[in-house]
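Working notes, structure below.
Residue numbers (the working numbering): 997 to 1408.
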């Protein structure tokens, strides 16, 4: 790659990332910081350069890979003008560099046996890319991946794990493991949208508006700084696998669904849970969390999830969308009820329950571990949550409103 082409491909800010060959290459950054696209370009370019290198791409759940890393790597192939040299198949996800037979494998930590049983037929499995590494809440899961890159590699090759993520919470093990140490085998970078010269005016305006409207969110989602975990709203939860079929067989099981609307900047969020009133327990078993969805898209995705015939409480602020979704086949969708102090009432109700979250619900886990009480100008916590990490939290409140007896409590 000549100097001009290099500059055109990745722009500024990632030179050290591009040429580092140590064991761990770790990049935290804001949305729009081009960290994922740069990583995808690096892997495609260098797999064509190193003829015996193979790549394993990992996220916490397999189902999230197709629309993230798989799409980014296919984009990188096209960006490098190498479409005829690569093949990509979607079931199972896999990419092959045709001249040599090198492979890009895709795995989720929700199937650990498939992660540890990969063997490259041509060359060595020497690189791992962990996208949205923040989703991996247990450091032991990372250690399993780390240990899977072992043995001899071909001449000129090197073993490396690349982690890319948004830095939502400063208490995450990633900070202590990679950012609070000095180690020549670790490159720990912080990136932000200002390093991405490929953003258009609308993208930049979104961040600048965030800077004025929501400085706390801007610090993390705009500048890539670590988030603060003090004063979280919900501490009554745990991440744990469970068999939904068996849960639904238990006496007193009530399925609940809530929908919070979004589009460009905020995601549309669907909460799927099972409530046991007698046990004061909520099981969170599925979620939808995606930006840029039209009402038609929302209806199709909810039907595909198997929730098309369920009773869904949706944000009452969008009656037109609720009516359109009803016409699109979601007959059970209804507006949530509004009322004074509805957010606080809903929060207090949920705080009386134990919340068990499936590891599949990565976005719910991110939100509930970061949903915090706001502060006044003196830094004292106040009885109002921050308007951040609240899309699935709001959807959960909508979902459980019918569990609350009487009309004393209502929700926005």
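For glycine and all other residues, C-beta sits at the position ideal for the given N, C-alpha and C.
Since we're looking at a predicted model, the values are computed, not measured.
- Straight through space, the alpha carbons of residue 1324 and residue 1292 are spaced by roughly 7 Å.
- Judged by DSSP in its simplified three-state form, residue 1139 adopts helix.
- For residue 1178, DSSP records no beta bridge to any residue.
- With respect to the C-alpha of residue 1182, the residue from 1382, 1360, 1022, 1345 having the closest C-alpha is 1022.
- By a beta-carbon distance limit of 8 Å, residue 1128 contacts residue 1161. Their separation comes to about 6 Å.
- Scanning its chain for C-beta atoms nearer than 7 Å, with the 5 sequence neighbours on each side dropped, one finds around residue 1263 the residues 1285, 1286, 1287, 1387, in chain order.
- In the assembly as shown, residue 1098 is a buried residue. Its beta-carbon has 16 or more other beta-carbons within 10 Å.
- With fewer than 16 other Cβ atoms from the protein chains shown falling within 10 Å of its own Cβ, residue 1115 counts as exposed.
- DSSP, read as helix, strand or coil, puts residue 1315 in helix.
- The beta carbons of residue 1364 and residue 1370 sit about 17 Å from each other, so the pair does not count as a contact at 8 Å.
- Put simply, of 1135, 1061, 1237 the residue whose alpha carbon is nearest the alpha carbon of residue 1172 is 1135.
- Counting only the Cα atoms, residue 1119 lies some 10 Å from residue 1153.
- A Cβ-Cβ contact shorter than 8 Å links residue 1230 with residue 1351.
- Between the stretch 1247-1254 and the stretch 1218-1227, the count of C-beta pairs closer than 8 Å stays below three; the two stretches do not touch.
- In the DSSP assignment, residue 1014 falls within the unbroken alpha helix (DSSP H) covering 1011-1015.
- Excluding the 5 residues flanking it on each side, residue 1188 has same chain C-beta neighbours closer than 7 Å at 1025, 1026, 1029, 1218, 1219, 1220, in chain order.
- Taking a C-beta distance under 8 Å as the contact criterion, residue 1133 and residue 1321 do not qualify as a contact pair.
- Between the alpha carbons of residue 1301 and residue 1110 lies a distance of about 24 Å.
- Take the alpha-carbon of residue 1142 and the one of residue 1255: they are about 38 Å apart.
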